[in-house]
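Here is the structure we will look at, set down as structure tokens.
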Amino acid sequence: MKFFIDTADVNEIKKAHAMGLVDGVTTNPSLVAKTGRPFEEIIKEIVTIVDGPISAEATSTDTEGMLKEARHLSSIHENIVVKIPLTAEGLQAVTTLHKENIKTNVTLCFSPNQALLAAKAGATYISPFVGRLDDVAHVGMDLIEQILNIYENYEFDTQVLVASIRNPIHVNEAALMGAHVATIPYKVMLQLVKHPLTDVGIQKFLDDWKKVPK
Ligand code: E4P
Numbered sequence: 009m010k011f012f013i014d015t016a017d018v019n020e021i022k023k024a025h026a027m028g029l030v031d032g033v034t035t036n037p038s039l040v041a042k043t044g045r046p047f048e049e050i051i052k053e054i055v056t057i058v059d060g061p062i063s064a065e066a067t068s069t070d071t072e073g074m075l076k077e078a079r080h081l082s083s084i085h086e087n088i089v090v091k092i093p094l095t096a097e098g099l100q101a102v103t104t105l106h107k108e109n110i111k112t113n114v115t116l117c118f119s120p121n122q123a124l125l126a127a128k129a130g131a132t133y134i135s136p137f138v139g140r141l142d143d144v145a146h147v148g149m150d151l152i153e154q155i156l157n158i159y160e161n162y163e164f165d166t167q168v169l170v171a172s173i174r175n176p177i178h179v180n181e182a183a184l185m186g187a188h189v190a191t192i193p194y195k196v197m198l199q200l201v202k203h204p205l206t207d208v209g210i211q212k213f214l215d216d217w218k219k220v221p222k
């Protein structure tokens with residue numbers, strides 16, 4: 009399973025990248041706003057850090073606007089993947105961008121049928137938001153399982169990018185289900201590293217090492 013980091017904070021990207029945990033990056037308008045920096049400045053810096061797919065989101069709501077933004081964003085660097093919301097206008101944009109060989113990440117997916125439509129339009133990635141479904145008492149990971157089954161039934165090339173990950177269990181279940189990508193916040197990456205028995209084990213070895221005659 010590929011690991012993308014879900015952040016627009018370049019310091020987090022650098023730290024996770026140094027641990028070998030970053031195959032790509034996803035950003036969204038809220039994550040960009042948190043940094044207090046201009047969007048394109050951040051994207052141009054990220055492409056110098058990570059050599060992998062970098063998702064940058066279009067903020068237009070009409071097809072023409074999305075296409076204009078997508079063509080501009082994808083011209084910044086070959087690794088840019090344009091995030092397009094799962095709307096009728098978005099699907100129309102994805103259909104055109106697919107013909108132009110511009111990679112897309114269809115975002116804000118909350119149902120298996122929406123994922124089916126994105127694949128038919130030629131999306132490179134589909135982003136089902138598992139945490140936000142959990143928040144409204146739907147099991148987010150059930151959606152991942154259904155999308156994976158549907159895509160396998162019809163051999164779609166669209167990759168399932170598990171988004172809105174909130175905890176290590178989401179990552180574990182995504183890997184067990186065979187999801188193509190998980191986009192993970194830096195905080196959750198650090199939670200994945202940690203195990204109390206690792207810390208206890210290190211302390212015991214260090215204590216015993218002191219008893220070894222020098
Ligand atoms: C995905 O690409 C989104 O940026 C992200 O995963 C949304 O997560 P949230 O629901 O925690 O905001």
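Residue numbers (this note's numbering): 9 to 222. All C-beta atoms, glycine included, are put in the ideal place defined by N, C-alpha and C. This structure is a prediction, so every number in the text was calculated from the model and none was measured.
Same chain only: Cβ atoms within 7 Å of residue i, ignoring 5 sequence neighbours per side
i    : result
V58  : I21, H25, V30, G32, V33
I155 : P120, A123, I134, P136, V168
The ligand E4P heavy atom lying under 6 Å from the CB of residue i
i    : result
R79  : no
S135 : yes
G139 : yes
T15  : no
S172 : yes
N121 : no
N175 : no
T191 : yes
T132 : no
Residues that DSSP places opposite residue i in a beta bridge
i    : result
P93  : T115
A64  : V90
A129 : Paired residue(s): none; A129 is not in a bridge.
S136 : Reading off the sequence, residue 136 comes out as Pro, not Ser. For P136, which the question treats as bridged, DSSP gives the partners C117.
I192 : I13
Residue j beta carbon less than 7 Å from that of residue i
i    : j    : result
E153 : M185 : yes
E53  : V18  : yes
L124 : L94  : no
T132 : A101 : no
S68  : M74  : yes
A66  : I110 : no
T104 : A129 : no
Q167 : V189 : yes
Cα-Cα separation between residue i and residue j, rounded to whole angstroms
i    : j    : result
E97  : A145 : 28 Å
L205 : L141 : 32 Å
Beta-carbon proximity list for residue i, same chain, < 6 Å, skipping 5 on both sides
i    : result
H178 : V138
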